[in-house]
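Heads up, the thing below is written out as structure tokens.
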Amino acid sequence: MPNVTVALLFGGKSSEHEISIISAQAVSAHIDRTTYTLFPLYISRDGRWFKGTTARKVLDLDITGLLKSRTIETINRQLLAMTENRDEDLFDFNFQKEGIDVAFPVLHGAYGEDGKVQGLLEVFAIPYTGCNVQSSSMTMDKEITKLCAVQAGIHVADYMTVLRADYLNNRSAIAETIKKRFAPPFFVKPANLGSSVGIAKIHSFDELEEALDEACRLDVKILVEKAIEGREVEVAVLGNEHPIASVPGEIEPGGDFYDFTDKYIDGSARLHIPARVDAETSARLQEEGIKAFRALGCSGMSRIDFFVEKGSVKIILNEINSIPGFTSISMYPMLMEHAGIGFTELIDRLVRFALEKTPA
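This note's numbering puts the first residue of the sequence shown at 8, with every later residue one more than the last.
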């Protein structure tokens with residue numbers, strides 16, 4: 008394959024902005040420079056696209072260290088300062104003029120993992136890694152994911168959906184409905200966010216109102232979901248029409264559950280590869296991972312998250328991440344590494360899958 012120019016899209020307007028930068032740094036560090044020319048494109052929180060010096064400077068920033076020593080607000084101010092008066096680096100969306108052959112989005116959360124940027128790239132006829140517009144938007148919505156999973160015969164946790172407008176108009180009635188249906192512990196989750204942003208585990212009904220208010224601040228649709236006691240496991244799926252699944256990996260949270268702090272700040276969670284399950288359960292998880300991948304119409308890559316229920320060994324789908332984390336502590340590249348697919352080869356395969364993928 009002749010030298011291919013890869014546009015690395017990172018940053019974005021979501022609450023996972025900093026994590027996207029860390030993922031992009033890992034891709035930049037591992038991409039094969041003899042095969043690919045990297046074209047970094049940084050998307051600021053206010054939606055401006057930067058190329059050139061500005062994008063490279065953001066890519067060189069030690070976000071991991073800053074997350075441990077500073078607040079998100081302080082980091083945001085630093086990133087904003089780096090883009091001030093940098094109009095000469097603004098990207099004009101002329102992908103062809105820049106010689107871009109394929110896009111590699113590592114935009115986690117809204118405006119990147121929900122189909123929006125995929126739609127933009129299709130308008131400009133630029134191939135891109137990962138899921139198409141439809142599957143990206145479907146997997147971003149936790150309720151739609153569950154509905155499709157159930158249709159495919161995959162188990163999900165008991166849940167109910169709350170619309171923000173309904174809750175704000177009738178707080179007491181909705182709170183009472185939740186209390187009658189769910190016994191603590193249970194979760195309150197924004198339906199369309201990742202990296203555990205806005206998720207609260209409810210141990211007492213006294214915590215419910217605050218959790219609902221916070222989730223409603225972040226999303227128009229909220230999920231209330233039964234807490235599953237058991238192992239939290241993840242399967243990495245790679246491919247287009249004939250996907251492969253890694254062995255499952257297990258997350259042992261450092262706290263009450265695997266939240267944003269546990270993932271990216273203190274790193275107290277322990278990862279077990281392979282997961283501490285028997286061979287039969289491991290094989291079933293791989294099968295369920297591919298089944299979920301296909302049920303949602305995924306392509307390229309996805310990380311499929313499950314619970315293995317304590318006692319029953321029932322496999323329950325948690326969620327699907329269409330652009331999984333690519334940081335040094337992210338499960339997806341580590342699971343692929345365990346399968347014999349190193350980081351550099353993983354990037355190469357994803358680019359090749361993007362170039363061969365039939366348009367949606």
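Glycine is no exception: its CB is placed at the ideal position from the N, C-alpha and C atoms.
Computed from a predicted structure; not experimentally measured.
8 Å contact criterion, which residue i and residue j should meet: CB distance rounded
i, j, result
"Ile330", "Val113", "6 Å"
"Ile161", "Lys64", "Contact flag wrong, Cβ pair sits at about 44 Å."
"Ile354", "Val34", "6 Å"
"Ala117", "Lys20", "7 Å"
"Gly18", "Ile26", "The pair is not a contact, with the Cβ atoms about 10 Å apart (cut-off 8 Å)."
"Gly307", "Gly106", "Not a contact, Cβ separation roughly 22 Å."
"Glu372", "Glu316", "Any property of residue 372 remains undetermined from this structure, which presents the chain solely from 8 to 367."
"Ala110", "Leu245", "That belief does not hold up - the Cβ atoms of Ala110 and Leu245 are roughly 18 Å apart, past 8 Å."
"Phe300", "Pro250", "6 Å"
"Arg356", "Ile348", "7 Å"
Test item: CB-CB of residue i and residue j under 8 Å
i, j, result
"Gly296", "Val242", "yes"
"Asn83", "Thr42", "no"
"Ser143", "Phe333", "no"
"Phe194", "Glu232", "yes"
Exposure of residue i, with buried meaning 16 or more beta-carbon neighbours within 10 Å
i, result
"Phe453", "Residue coverage of the chain in this structure runs from 8 to 367, which leaves residue 453 outside it and unanswerable."
"Leu303", "buried"
"Ile327", "buried"
"Ile209", "buried"
"Asn199", "buried"
"Asp94", "exposed"
"Thr90", "buried"
"Arg253", "As written in the sequence, residue 253 is Ser, which differs from the Arg given in the question. Classification for Ser253: buried."
CB contact below 8 Å: residue i versus chain B
i, result
"Ser142", "Among the protein chains of the structure shown there is no chain B, as only one such chain exists."
Cβ neighbours of residue i in the same chain (closer than 8 Å, five flanking residues each side left out)
i, result
"Glu62", "The amino acid occupying residue 62 in the given sequence is Ala; Glu does not appear at that position. Within the same chain, Ala62 has close Cβ partners Pro47, Leu48, Tyr49, Asp96."
"Ala367", "Note on Ala367: pLDDT 48, under 50, position unreliable in the model; no value is reported."
"Trp56", "Leu48, Tyr49, Ile50, Leu97, Phe98, Phe100"
Neighbourhood of residue i by C-beta, 6 Å cutoff - its chain only, sequence neighbours within 5 removed
i, result
"Lys186", "Phe212"
"Arg277", "Glu259"
"Leu73", "Ile82"
"Arg171", "Cys223, Val227"
Contact set for residue i: own chain, Cβ-Cβ below 7 Å, skip 5 residues either direction
i, result
"Thr152", "Met145, Thr146, Leu303, Glu326, Ile327"
"Gln32", "Leu66"
"Val163", "Lys153, Ala156, Val157, Ile323, Leu324"
Proximity test, residue i beta-carbon vs the ligand GDP heavy atom, cut-off 7 Å
i, result
"Lys298", "Of the ligands one can find in the structure shown there are none, so the ligand GDP has no counterpart to examine."
Segments assigned beta strand (DSSP E), at least 3 residues, entirely inside the stretch 149-192: 166-170
Those runs of the beta strand (DSSP E) which lie wholly inside the stretch 11-70 and span at least 3 residues: 11-18, 43-50
Residue ranges of each beta strand (DSSP E) within the stretch 83-151, 3 or longer: 109-112
Alpha helix (DSSP H) segments (min. 4 residues) lying fully within the stretch 187-259: 215-225
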